[in-house]
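Trainee: Residue 235 in full-length UniProt numbering sits at position 235 of the first sequence, with consecutive numbering throughout.
No residue lacks a Cβ here, since even glycine has one placed at the ideal position from N, Cα and C.
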Amino acid sequence: MQRNHSAPQPSVSVSVKPNKPLTRKTSLLRYDTSTPPSESSFTGKTPSVLPSSSQRPNPERRVVSDPTGGSLVLKNSTGIASMLQKNQKRKREAIKLVPEDQQIFRGLDFFYLPADDKNPKRKMRITKAKEYGAKWTTELEDDVTHIVVDNSLTYEHIMKYLKETLKVQALPKRAIFVNEDYPIDCIAFRRILDAKQDKYAVKGAVTESEEKPASQRSPQAAQDEEDISRRTPPREDSASQARDVEGEEETQEISQNPSPARNFQREMGFNDPLAEMIEFVQTKKHLPLDDEENEERPSSRDSMQDPGDSDDSRERSPSPVRKPSKKKHRGPKGSFNQNNFSCMTGGTGETTSSNPNARTIEILQEMGDFYEQVKDQWRTRAYRMAIGTLKKTTNKIRTAEEAQELPKIGKRIADKIEEIVLTDGLRRLEFAKQDPTDRVLQKFLKIYGVGPSQGLRWAQQGHKTLEDLKANVNLTANQKIGIAHYDDFDTRIPREEVTALASSGDIDFLITKPSTTTTTPLLTFLDDLVRHLTSTGFLVAALAVPRGDSSSKWHGAC
DNA sequence: TTGACAGCGCATCTGG
DNA sequence: CCAGATGCGG
DNA sequence: GTCAA
Numbered sequence: 001m002q003r004n005h006s007a008p009q010p011s012v013s014v015s016v017k018p019n020k021p022l023t024r025k026t027s028l029l030r031y032d033t034s035t036p037p038s039e040s041s042f043t044g045k046t047p048s049v050l051p052s053s054s055q056r057p058n059p060e061r062r063v064v065s066d067p068t069g070g071s072l073v074l075k076n077s078t079g080i081a082s083m084l085q086k087n088q089k090r091k092r093e094a095i096k097l098v099p100e101d102q103q104i105f106r107g108l109d110f111f112y113l114p115a116d117d118k119n120p121k122r123k124m125r126i127t128k129a130k131e132y133g134a135k136w137t138t139e140l141e142d143d144v145t146h147i148v149v150d151n152s153l154t155y156e157h158i159m160k161y162l163k164e165t166l167k168v169q170a171l172p173k174r175a176i177f178v179n180e181d182y183p184i185d186c187i188a189f190r191r192i193l194d195a196k197q198d199k200y201a202v203k204g205a206v207t208e209s210e211e212k213p214a215s216q217r218s219p220q221a222a223q224d225e226e227d228i229s230r231r232t233p234p235r236e237d238s239a240s241q242a243r244d245v246e247g248e249e250e251t252q253e254i255s256q257n258p259s260p261a262r263n264f265q266r267e268m269g270f271n272d273p274l275a276e277m278i279e280f281v282q283t284k285k286h287l288p289l290d291d292e293e294n295e296e297r298p299s300s301r302d303s304m305q306d307p308g309d310s311d312d313s314r315e316r317s318p319s320p321v322r323k324p325s326k327k328k329h330r331g332p333k334g335s336f337n338q339n340n341f342s343c344m345t346g347g348t349g350e351t352t353s354s355n356p357n358a359r360t361i362e363i364l365q366e367m368g369d370f371y372e373q374v375k376d377q378w379r380t381r382a383y384r385m386a387i388g389t390l391k392k393t394t395n396k397i398r399t400a401e402e403a404q405e406l407p408k409i410g411k412r413i414a415d416k417i418e419e420i421v422l423t424d425g426l427r428r429l430e431f432a433k434q435d436p437t438d439r440v441l442q443k444f445l446k447i448y449g450v451g452p453s454q455g456l457r458w459a460q461q462g463h464k465t466l467e468d469l470k471a472n473v474n475l476t477a478n479q480k481i482g483i484a485h486y487d488d489f490d491t492r493i494p495r496e497e498v499t500a501l502a503s504s505g506d507i508d509f510l511i512t513k514p515s516t517t518t519t520t521p522l523l524t525f526l527d528d529l530v531r532h533l534t535s536t537g538f539l540v541a542a543l544a545v546p547r548g549d550s551s552s553k554w555h556g557a558c
């Protein structure tokens, strides 16, 4: 969508409407900022200085003089920080009869196999389950909801045992088989998990995936199942059923609507600002707005595949020296290697919906979006890459081990993937979104011109709202504009061409003219253009204006 | 355990 | 005033 | 966040 006229050098780009962090899953992939501060401060790392990184300060030791007096050392210790922190040690403390609202097993009836608590481990598990509201039944009654089988037992054992020892004719209607891990995991996640997961299947039982083809199974087993058969591993209703008992308040509504309180009207009312602009451009000069497309084709960049991992196009040119030479496109290396443009990721999203890991991707996206909002460049990138590889994966990833095999997916994300598969959610994500400190910070960070440094400072100074800021803080020109247009900047642009792919946070124009070798003449034109649009009332604010006559971009809002 | 993960333009701040 | 450092954005 | 040194 972005018109990249690959004209040699002289090019002036006009960026209208500074976008701001996206709000929802539709987010398109955009680049992050380089703001290491967030890294350390958010992770709560120790103030160890970064000696080498000459280019960046260590936020931890940044002493800020507070306008209102005193000075303080920036050090984030809660909120996002805590989340970003490596406090991943999940403690499974032993509680005695947890609070009512945490009794996830309430209403459930567990029948253990073996049906006693002689085994200390099993006894422990039973106790635990009871603490969480489960009822322990030693008779295979009709109200049994779960038959929890020791991992040491196999499906055949069970069947044999049930039929021969217990003389069971039929299993309780609602009962489903799970292995001993199931209750444990449920407790770990504080919620009823999907009992259909393969990992909870009783050893030797038919798993969901292999379920249908009965032909595949050993005739023996198939036979044994007989009467009890289809209710056994086929735990179709299990999850939902159990969930019902529990109440579905759990279902997370991680998504908050992006408040589409847009001002389309303006676009509507205005016949078409964009068209008008283009028209202006064309009349203004004989700029070949059309040719561009043609000349561009041939040099089309590399294919669009190779999203994720490739990244390591580390053929990196030795020195960061930027040659004024007329190199074509961007850098020699990866240049645009990332899937930062919707057009490169197949914005139509065919990939997403069909992918077996769609749901996982969706949630990881939210994590990525979150980190983008808090402007944690690196984590944002990390999630993006992980998502990239996940998108290329054709089989469904269910466990952490499985996930960690994949490139760009380490332990942390692997664990998250597993949790997502298990719980259809991510507690960290929900927590992150809830935390009050974070919310304030997030709010501030969405102001154009406010980054981690300033945002954190304000948040720690106790400011809570945009009004607070307007009243008690020295705002830069851009920040004022950022606040004034807070909602606008936070909203995406739905223009047709753009919508085709997704939606856009902004629109970029690249102005070129053949045969020009410097930007000077183009700047003149740019100036005219901006002046015109401003007078027309289309452009409302200038955020970054080119300086000198050597470059290049104008940032503003319309 | 630690540093890289792109580099750059513009705005603002800091300090001489 | 200016130069360098820092913050921010895409 | 992941990865490599």
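In terms of alpha-carbon separation, which member of Ala541, Ile481, Val144 lies closest to alanine 170?
Mentor: Looking up residue 170 in the first sequence gives position 170. The residue with the shortest Cα to Cα distance from alanine 170 is Val144.
Trainee: When DSSP labels each residue in this structure, what does histidine 485 get in the three-state scheme?
Mentor: Residue numbering aside, residue 485 sits at position 485 when the first sequence is read from its first letter. Three-state DSSP puts histidine 485 in coil, outside helix and strand.
Trainee: Can you give the Cα-Cα distance for leucine 409 and arginine 547, rounded to whole angstroms?
Mentor: If you number the first sequence from 1, residue 409 lands on position 409. If you number the first sequence from 1, residue 547 lands on position 547. A small correction: the amino acid at residue 409 is isoleucine; leucine does not occupy that position in the sequence shown. Whole-angstrom Cα-Cα distance: 43 Å.
Trainee: So for histidine 532, helix, strand or coil by DSSP?
Mentor: Reading the first sequence from its first residue, position 532 is the one you call residue 532. Histidine 532: helix per DSSP, three-state reduction.
Trainee: Since aspartate 109 sits in a beta bridge, which residues does DSSP pair it with?
Mentor: Position 109 of the first sequence holds residue 109. Looking at the DSSP assignment, aspartate 109 forms a beta bridge with Lys135.
Trainee: Tell me which residue opens and which closes the beta strand (DSSP E) that leucine 140 is part of.
Mentor: The residue given as residue 140 occupies position 140 in the first sequence. Note, leucine 140: premise wrong, no beta strand (DSSP E); not H, not E.
Trainee: Short check: CB of valine 178 to CB of histidine 157, under 8 Å?
Mentor: The residue you call residue 178 lines up with position 178 of the first sequence. The residue you call residue 157 lines up with position 157 of the first sequence. No, these two residues do not count as a Cβ contact at 8 Å.
Trainee: So for asparagine 395, helix, strand or coil by DSSP?
Mentor: Taking the first residue of the first sequence as position 1, residue 395 is located at position 395. Three-state DSSP puts asparagine 395 in coil, outside helix and strand.
Trainee: Between which two residues does the beta strand (DSSP E) harbouring isoleucine 147 extend?
Mentor: On the first sequence, residue 147 is found 147 positions in, with the first residue counted as 1. Note, isoleucine 147: beta strand (DSSP E), 146–149.
Trainee: Rounded to the nearest angstrom, how far is the Cβ of leucine 539 from that of leucine 533, given a contact under 8 Å?
Mentor: If you number the first sequence from 1, residue 539 lands on position 539. If you number the first sequence from 1, residue 533 lands on position 533. Their Cβ separation, rounded to whole angstroms, is 4 Å, which keeps leucine 539 and leucine 533 in contact under 8 Å.
Trainee: Kindly indicate the opening and closing residues of the alpha helix (DSSP H) around asparagine 472.
Mentor: As a position in the first sequence, residue 472 is number 472, starting the count at 1. Run containing asparagine 472: 466–472, per the alpha helix (DSSP H) assignment.
Trainee: On the DSSP bridge assignment, give the partners of asparagine 179 in chain order.
Mentor: Walking along the first sequence from the start, residue 179 turns up at place 179. Beta-bridge pairing links asparagine 179 to Val149.
Trainee: State the start and end residues of the unbroken alpha helix (DSSP H) segment that holds alanine 438.
Mentor: Counting from one through the first sequence, the residue named residue 438 turns up at place 438. Looking at the sequence shown, residue 438 is not alanine but aspartate. It spans 436–445 - the alpha helix (DSSP H) in which aspartate 438 sits, taken as one unbroken run.
Trainee: Ends of the alpha helix (DSSP H) at aspartate 415?
Mentor: Locating residue 415 in the first sequence gives position 415, counting from the first residue. Unbroken alpha helix (DSSP H) run through aspartate 415: 411–423.
Trainee: Buried or exposed, going by whether 16 or more other CB atoms sit within 10 Å of the CB of valine 148?
Mentor: Position 148 of the first sequence, counting from 1, holds the residue named residue 148. Per the 10 Å Cβ criterion, buried.
Trainee: Could you work out which residue in Glu419, Leu523, Ser535, Gly537 is closest to valine 545 when comparing CA atoms only?
Mentor: Within the first sequence, numbered from 1, the residue matching residue 545 stands at position 545. Nearest of Glu419, Leu523, Ser535, Gly537 to valine 545, Cα basis: Leu523.
Trainee: When burial is assigned at 16 or more other CB atoms within 10 Å of the CB, is leucine 97 buried or exposed?
Mentor: Within the first sequence, the letter at position 97 stands for residue 97. Exposed, by the Cβ-count rule.
Trainee: Which whole-angstrom value describes the C-beta separation of lysine 128 and isoleucine 187, a residue pair presumed to lie in contact below a C-beta threshold of 8 Å?
Mentor: As a first step, residue 128 is located in the first sequence; it is residue number 128 there, counting from the start. As a first step, residue 187 is located in the first sequence; it is residue number 187 there, counting from the start. Confirmed, about 6 Å.
Trainee: Taking DSSP as the reference, what is the three-state secondary structure of asparagine 355?
Mentor: For the purposes of this step, residue 355 is taken as residue 355 along the first sequence, with counting starting at 1. Coil at asparagine 355, not helix or strand.
Trainee: Please return the same chain residues whose Cβ sits closer than 7 Å to the Cβ of lysine 20, not counting the five positions on each side in sequence.
Mentor: Taking the first sequence and counting its residues from 1, one reaches residue 20 at position 20. Per-residue confidence for lysine 20 stands at a pLDDT of 36, beneath the threshold of 50, marking its modelled position as unreliable; the derived number appears in the next sentence. So the qualifying residues of the chain are Lys446, Tyr448, Phe489, Asp490, Gly505.
Trainee: Can you find at least 3 beta carbon pairs, one from the stretch 389–396 and one from the stretch 468–485, that sit closer than 8 Å?
Mentor: No, because fewer than three Cβ pairs between the stretch 389–396 and the stretch 468–485 fall closer than 8 Å, the two stretches do not touch.
Trainee: Any idea what DSSP makes of phenylalanine 189, helix, strand or coil?
Mentor: The residue given as residue 189 occupies position 189 in the first sequence. It is helical.
Trainee: For glutamate 372, does the count of other Cβ atoms within 10 angstroms reach 16, so buried, or fall short, so exposed?
Mentor: To locate residue 372, count along the first sequence from 1; it is residue 372. Burial call: buried.
Trainee: With the cut-off set at 8 Å, would you say phenylalanine 189 and leucine 422 are in Cβ contact?
Mentor: Taking the first sequence and counting its residues from 1, one reaches residue 189 at position 189. Taking the first sequence and counting its residues from 1, one reaches residue 422 at position 422. Result yes, Cβ atoms of phenylalanine 189 and leucine 422 sit closer than 8 Å.
Trainee: Measure the alpha-carbon distance for asparagine 357 versus leucine 390 and round it to whole angstroms.
Mentor: Residue 357 sits at position 357 when you count from the first residue of the first sequence. Residue 390 sits at position 390 when you count from the first residue of the first sequence. Spanning the two alpha carbons is a distance of roughly 7 Å.
Trainee: Indicate the three-state DSSP secondary structure (helix, strand or coil) for glycine 537 in the structure shown.
Mentor: Here residue 537 is taken as the residue at index 537 of the first sequence, counted from 1. It is coil, neither helix nor strand.
Trainee: Which residue's Cα is closest to the Cα of cysteine 558: His485, Arg427, Ser552?
Mentor: Within the first sequence, numbered from 1, the residue matching residue 558 stands at position 558. Measuring from the Cα of cysteine 558, the nearest candidate turns out to be His485.
Trainee: With alanine 403 as the anchor, note down where its alpha helix (DSSP H) starts and where it stops.
Mentor: Translated into the one-based positions of the first sequence, residue 403 becomes position 403. From DSSP, the alpha helix (DSSP H) with alanine 403 extends over 400–405.
Trainee: Where do the N-terminal and C-terminal ends of the alpha helix (DSSP H) with histidine 157 fall, by residue?
Mentor: As a working note, residue 157 is residue 157 in the first sequence. It spans 155–160 - the alpha helix (DSSP H) in which histidine 157 sits, taken as one unbroken run.
Trainee: Could you compute how far the alpha carbon of proline 436 sits from the alpha carbon of glycine 425?
Mentor: Start at 1 with the first residue of the first sequence, and residue 436 comes out as number 436. Start at 1 with the first residue of the first sequence, and residue 425 comes out as number 425. The straight-line gap from Cα to Cα measures roughly 20 Å.
Trainee: Looking at the unbroken alpha helix (DSSP H) that takes in arginine 457, where does it start and where does it end?
Mentor: For the purposes of this step, residue 457 is taken as the residue at position 457 of the first sequence. Residues 452–460.
Trainee: What's the gap between the Cα of glutamate 131 and the Cα of histidine 555?
Mentor: Walking along the first sequence from the start, residue 131 turns up at place 131. Walking along the first sequence from the start, residue 555 turns up at place 555. If you take the alpha carbons of glutamate 131 and histidine 555, they lie about 59 Å apart.
Trainee: Give the secondary structure of glutamine 197 by DSSP, where H, G and I count as helix, E and B as strand, and everything else as coil.
Mentor: Here residue 197 is taken as the residue at index 197 of the first sequence, counted from 1. The answer is coil: DSSP assigns glutamine 197 none of H, G, I, E or B.
Trainee: Could you tell me the distance, in whole angstroms, from the CA atom of residue 588 to the CA atom of arginine 439?
Mentor: Since the first residue shown for the chain is 1 and the last is 558, residue 588 is missing from the structure and cannot be characterised.
Trainee: Tell me whether leucine 543 is buried or exposed, calling it buried when 16 or more other Cβ atoms sit within 10 Å of its Cβ.
Mentor: Residue numbering aside, residue 543 sits at position 543 when the first sequence is read from its first letter. With 16 or more other Cβ atoms within 10 Å, it is buried.
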